[in-house]
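Heads up: the protein sequence lines correspond to chains A and B, in order. Note that numbering that gives the first Met the number 0 numbers the first sequence so that position 137 is 136, with each residue one more than the last. Note that numbering that gives the first Met the number 0 numbers the second sequence so that position 76 is 75, with each residue one more than the last. Cβ atoms here follow ideal geometry from the backbone N, Cα and C, with glycine treated the same way.
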Amino acid sequence: MKFAWFAGCKIPYFLPQYERASRAVLEALEVELVELEMNCCGYPVRHQSFEAFILSAARNSALAQARGLDILTPCKCCFGSLKQAEYWLRESDSLRAETNRQLDEEDLRWEGAKIRIRHLLSVMAEDVGIAKIRAKRKHVYDGLKVAAHYGCHALRPANVVRFDNPLAPTLFEKLVDATGAQSVDWPRRLDCCGSPLWEKNQALALELMRKKLEDALQAGAQVLCTACTYCQIQFDTVRAAELNAGGLEGRLPSILYPQLLGLCLGLSAESLGLADNRLDASLIRNYLG
Amino acid sequence: MQITFFTFTLYLSLAICLIGLTYRGWTWLKLEVGPPAERFSCGQRAAAAAQGLLRTLLSRRIFAVLKVLVLDVGLQVRILKADLRRWCMHMSIFVGVLLLVLMHALDEPLTQALFPDYASTRNPFMFLRNLGGAMVLAGVGLALYRRVRIRGLRRTTRTGDRLAMGLLALIIFSGFVLEGLQIISAPIFDQMVEDYLGTDDPEDRAALKVYWAQDFGVAFSGLKASADAEVWAQGQDLHEESCAGCHSNPRAAFVSYPLARALQSMAGVLNGMRADVWMWYVHFLACFGGLAVLPFTKFFHLIATPLQLLVGAVENPSPAAGANQQTKRVLGLDACMHCGVCTLHCSVEPVFRIMGNPSILPSEKLASVKTLAAGRLRDPEALAAVAAGSFICTSCYRCTRVCPAGIDLQDLWSASRQSLVARGFTEPHIWVRERTAAEWAAGLIAPQASPFPALKNKPRHVNLVDQTETFSACVQCQTCTNVCPVVAAAGDSARDLDLTPQQIMNLLRLGAHEMAMGARMVWDCVTCYMCQEHCPQGVKVADVMYELRNRACERLPAVKQAVHGTPLCERSSDPGRKEDRS
Chain A
0 MKFAWFAGCK
10 IPYFLPQYER
20 ASRAVLEALE
30 VELVELEMNC
40 CGYPVRHQSF
50 EAFILSAARN
60 SALAQARGLD
70 ILTPCKCCFG
80 SLKQAEYWLR
90 ESDSLRAETN
100 RQLDEEDLRW
110 EGAKIRIRHL
120 LSVMAEDVGI
130 AKIRAKRKHV
140 YDGLKVAAHY
150 GCHALRPANV
160 VRFDNPLAPT
170 LFEKLVDATG
180 AQSVDWPRRL
190 DCCGSPLWEK
200 NQALALELMR
210 KKLEDALQAG
220 AQVLCTACTY
230 CQIQFDTVRA
240 AELNAGGLEG
250 RLPSILYPQL
260 LGLCLGLSAE
270 SLGLADNRLD
280 ASLIRNYLG
Chain B
0 MQITFFTFTL
10 YLSLAICLIG
20 LTYRGWTWLK
30 LEVGPPAERF
40 SCGQRAAAAA
50 QGLLRTLLSR
60 RIFAVLKVLV
70 LDVGLQVRIL
80 KADLRRWCMH
90 MSIFVGVLLL
100 VLMHALDEPL
110 TQALFPDYAS
120 TRNPFMFLRN
130 LGGAMVLAGV
140 GLALYRRVRI
150 RGLRRTTRTG
160 DRLAMGLLAL
170 IIFSGFVLEG
180 LQIISAPIFD
190 QMVEDYLGTD
200 DPEDRAALKV
210 YWAQDFGVAF
220 SGLKASADAE
230 VWAQGQDLHE
240 ESCAGCHSNP
250 RAAFVSYPLA
260 RALQSMAGVL
270 NGMRADVWMW
280 YVHFLACFGG
290 LAVLPFTKFF
300 HLIATPLQLL
310 VGAVENPSPA
320 AGANQQTKRV
330 LGLDACMHCG
340 VCTLHCSVEP
350 VFRIMGNPSI
360 LPSEKLASVK
370 TLAAGRLRDP
380 EALAAVAAGS
390 FICTSCYRCT
400 RVCPAGIDLQ
410 DLWSASRQSL
420 VARGFTEPHI
430 WVRERTAAEW
440 AAGLIAPQAS
450 PFPALKNKPR
460 HVNLVDQTET
470 FSACVQCQTC
480 TNVCPVVAAA
490 GDSARDLDLT
500 PQQIMNLLRL
510 GAHEMAMGAR
520 MVWDCVTCYM
530 CQEHCPQGVK
540 VADVMYELRN
550 RACERLPAVK
560 QAVHGTPLCE
570 RSSDPGRKED
580 RS
């Protein structure tokens, strides 16, 4: 199993542990990653220019397609953006023609759905498979309660992203349960983390996060689990700096899914970059049998 | 006369160079990149720099610096690791220039002191000079080729790059031509004979001419082509006696000698007009010109870039880190020689292709930030363009990782963005909030309020807002509003958001785009797609929100400018302005 690795822009500087943990886990699950120098997925610029967003995303797909590789990204916003571009390029002939005219300058071409765009979770749950993950486990969690946070851009709009049932998804919970941990049912699991408003409307960004944290706590979760660069930055980096008081002190740290799974696969905390998380999530190791 | 002019221009260019270098050094302590909170006085920064220097020299960190000096400055391993061809190009110029400066430009004070038998016309010096020149020319040729062939580089190549390549090529080329002209020069031969040949015998002089014409390529007018071997041998004896001490065979000048052969046919005219003297002027004036402009052109990277690499080798956790951080940023701005590698790897380069703002590209943004730091970027529109470019950057860190000069670009971008925000240049999400949707609509609908022509909507490949089908199914059931997390988090949606998603859809259905564009709901939308997913009628609510923002980005800045008067974005009370600082 081989994919073009699409880390996205924020990981190298803001969340390097996500790349480390993903690579370590994927290697253990015998998924091969190919390094291509791709560009921004287009998500951050979409509010300003639809065309710039489309060209950015299409160029990545064209680069992967030129190598005959499916794309694997750990970021849900990157995933959503690449899928959205795929959708709109299929919808509009003139957009496709114009985008290909731009790509043609560097001998690239977007040719429809010749390659698949995959999110890390889908690859693990569907391409690798829950059974294989279970078979590879060296340890399992016992009694750890995890709130799986879905992330909007992988889930919706479902007709574009085709990730899971948008109203009642189960993919993330299945993956959490595969580690032996217990996924909790929490009403706000499909809500926005607030990250898109960071530095734009900070108060609202924090309020959206706070609501989710309280909801997950109420559902009895000990740890929040994410599989998106922006969500994890919000629930770990931003939260550690801005929202770690008023009953939230030290509670409900956020952990990346490959970190959660990695410990089960017998990978070291170091190879999963656990120490790079701002909020101490080492409590999960107490549940590791 | 010639010597006086030579000396005069030498000292003049040296003086300009030294003044320039002093000025640049001073700017490292004076100029600032970053928000006002990070300001330090010139004295504080000088003290911090001195402290940092001492702490480095007197600690084990000095070994890290020495390592960088050898590997990154001397052998340029950073470039080698990235791109072998680029390394060949740069090494070729670097070694060539070094060779020429040490063994040719500084021959009197340096080479002669090291090699007492030095003469510019002796080997290996003559050969090495040609080698150095050939290396530089080859390197410049490669650089030119890269800038023409590589699309990303061609696009960003500017006058400064052409000037540097042109001046370097002129210096070397004029040097080769000068040497070629000197080889064929009969007047120089005559002068040398006058000064060094121990005899006045016309027969001896004629014999020497024959020998030099045949073996050294001097072009004498009217010299018989085939002199007999005896005369040649007599000339050779005289050569060994009086000339050979300083003159090796010019064939070692493997570029200049073929050039001299090529010039043979025109030798009569060239010697008659003393073309060698003219070319000498061209050559030394080009060299001195290069010296004089060194601090003001990309040649300055000869000093700033090695310094940047050395400074970068030291992580300075001292209390002076803040002040040194400022100094390092300005040094970083100078260390950039516009090689364009950052832009070749830039994550948002495709965005530039659509939006065309050069400040999106790191290599170009750096130039803007430099002008900004120097206080020369005052035009609000230019400032707004730099800010807009800065906001496109995704902080992916790639430019910083590939920069051959080791400049901390990530830090420069973050600091310059903060300083622009402090001056009031913010993203639309922020400044849209300053007015209500109705106020923005008033500006958009009444073009007479604006001195600018009302902007027509540009054609779109995907146009949702103008299509009646987009909204025709909408039954105003309010599901979109009910599932919206932003509406849920807002206390009073009319007060905090202007409009709800359902109200926006209704306005658009009625064709009232302008009423919706400036609504805070549009700009606070988290694009979670809850509305679109839940809409029972399949209205693309979130996609419409995105498109509204696109349209607003095109039209609202003009309204903002019209309403605010002249400044596009800069606040009236600007904390960055000098008068406010005192």
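Between Thr-72 (chain A) and Phe-13 (chain A), how many whole angstroms is the CB-CB distance? I'm expecting something under 8 Å. The Cβ separation is near 16 Å, so there is no contact.
Please confirm if Cys-527 (chain B) has its CB atom under 8 Å from at least one CB of chain A. yes
Buried versus exposed, by CB contacts within 10 Å (16 or more), Gln-324 (chain B): buried
Less than 8 Å separating the beta-carbons of Ser-270 (chain A) and Arg-19 (chain A)? yes
Distance, Cα to Cα, Gly-142 (chain A) vs Cys-483 (chain B)? 34 Å
For a contact meaning CB atoms closer than 8 Å, what does Ser-394 (chain B) contact in chain A? Cys-8, Lys-9, Tyr-12, Phe-13
Using CA coordinates, which residue listed in A:Leu-242, A:Asp-184, A:Asn-164 is at the minimum distance from Ala-218 (chain A)? A:Asp-184
C-alpha distance - Arg-550 (chain B) paired with Val-461 (chain B), whole-angstrom precision: 12 Å
Residues of the segment 80 to 104 of chain A with a CB closer than 8 Å to any CB of chain B: list them in chain order, please. Trp-87, Glu-90, Ser-91, Ser-93, Leu-94, Glu-97, Gln-101, Glu-104
Lys-144 (chain A) - DSSP class collapsed to helix/strand/coil: strand
Tyr-10 (chain B), buried or exposed, once every other Cβ within 10 Å from all chains shown has been counted against 16: exposed
Can you tell me which of A:Ala-146, A:Val-30, A:Gly-249 puts its alpha carbon nearest to the alpha carbon of Leu-68 (chain A)? A:Val-30
Quick check on the burial criterion: 16 or more other C-beta atoms within 10 angstroms. Buried or exposed for Pro-452 (chain B)? With a pLDDT of 45 at Pro-452 (chain B), under the threshold of 50, the modelled position of this residue cannot be trusted; read the value that follows with caution. Classification of Pro-452 (chain B): exposed, given that the 10 Å Cβ count is below 16.
Taking CB distances under 8 Å as the criterion, tell me whether Pro-165 (chain A) reaches chain B. yes
Candidates A:Gln-181, A:Cys-151, A:Val-33: closest to Lys-1 (chain A) by CA position: A:Val-33
Could you check whether Leu-167 (chain B) and Val-135 (chain B) sit closer than 8 Å to each other, using their CB atoms as the reference points? yes
Any chain A beta carbon closer than 8 Å to Ser-184 (chain B): no
Min CB distance Leu-212 (chain A) to chain B below 8 Å: no
Residue closest to Val-562 (chain B), alpha-carbon to alpha-carbon, out of B:Gly-355, B:Gln-213, B:Glu-438: B:Glu-438
Mind checking the segment 326 to 350 of chain B against chain A and listing, in chain order, the residues whose C-beta falls within less than 9 Å of any C-beta there? His-344, Cys-345, Ser-346, Val-347, Glu-348, Pro-349, Val-350
C-beta atoms of Ser-182 (chain A) and Glu-172 (chain A) nearer than 8 Å: yes
Is it the case that the segment 366 to 375 of chain B contacts the segment 394 to 403 of chain B, given that we only count it when at least three CB pairs across the two stretches are under 8 Å? no
Taking all protein chains shown into account, decide if Glu-206 (chain A) is buried (16 or more other Cβ within 10 angstroms of its Cβ) or exposed. buried
Listed by chain order, chain B residues near Phe-5 (chain A) by CB distance under 9 Å: Correct list: empty, because the minimum Cβ distance to chain B is about 11 Å.
Which residue from B:Ser-389, B:Asp-378, B:Pro-379 puts its Cα closest to that of Ile-359 (chain B)? B:Ser-389
On the CB-based measure, 16 or more other CB atoms within 10 Å of its CB, does Leu-113 (chain B) come out buried or exposed? exposed
What would DSSP say about Ile-254 (chain A), mapped onto helix, strand or coil? strand
For a test of the three-state rule: what should DSSP assign to Val-33 (chain A), helix, strand or coil? strand
When burial is assigned at 16 or more other CB atoms within 10 Å of the CB, is Pro-427 (chain B) buried or exposed? buried
Inter-residue Cα distance where the pair is Gln-531 (chain B) and Val-538 (chain B): 6 Å
Beta-carbon proximity of Leu-196 (chain A) to Leu-203 (chain A), cut-off 8 Å: yes
Provide the residue(s) that pair with Lys-1 (chain A) in DSSP beta bridges, ordered along the chain. A:Glu-31
Using a cut-off of 8 Å between C-beta atoms, extract the partners of Ala-661 (chain B) located in chain A. Residue coverage of chain B in this structure runs from 0 to 581, which leaves residue 661 (chain B) outside it and unanswerable.
Would you identify the three-state DSSP class for Pro-11 (chain A), choosing helix, strand or coil? helix
Is the segment 134 to 149 of chain B touching the segment 276 to 292 of chain B, taking contact as three or more C-beta pairs under 8 Å? no
Out of B:Asp-189, B:Phe-283, B:Ser-241, B:Lys-327, state which residue places its alpha-carbon closest to the alpha-carbon of Phe-270 (chain B). The question names Phe, but residue 270 (chain B) is Asn in the sequence shown. Minimum Cα distance to Asn-270 (chain B) is reached at B:Asp-189.
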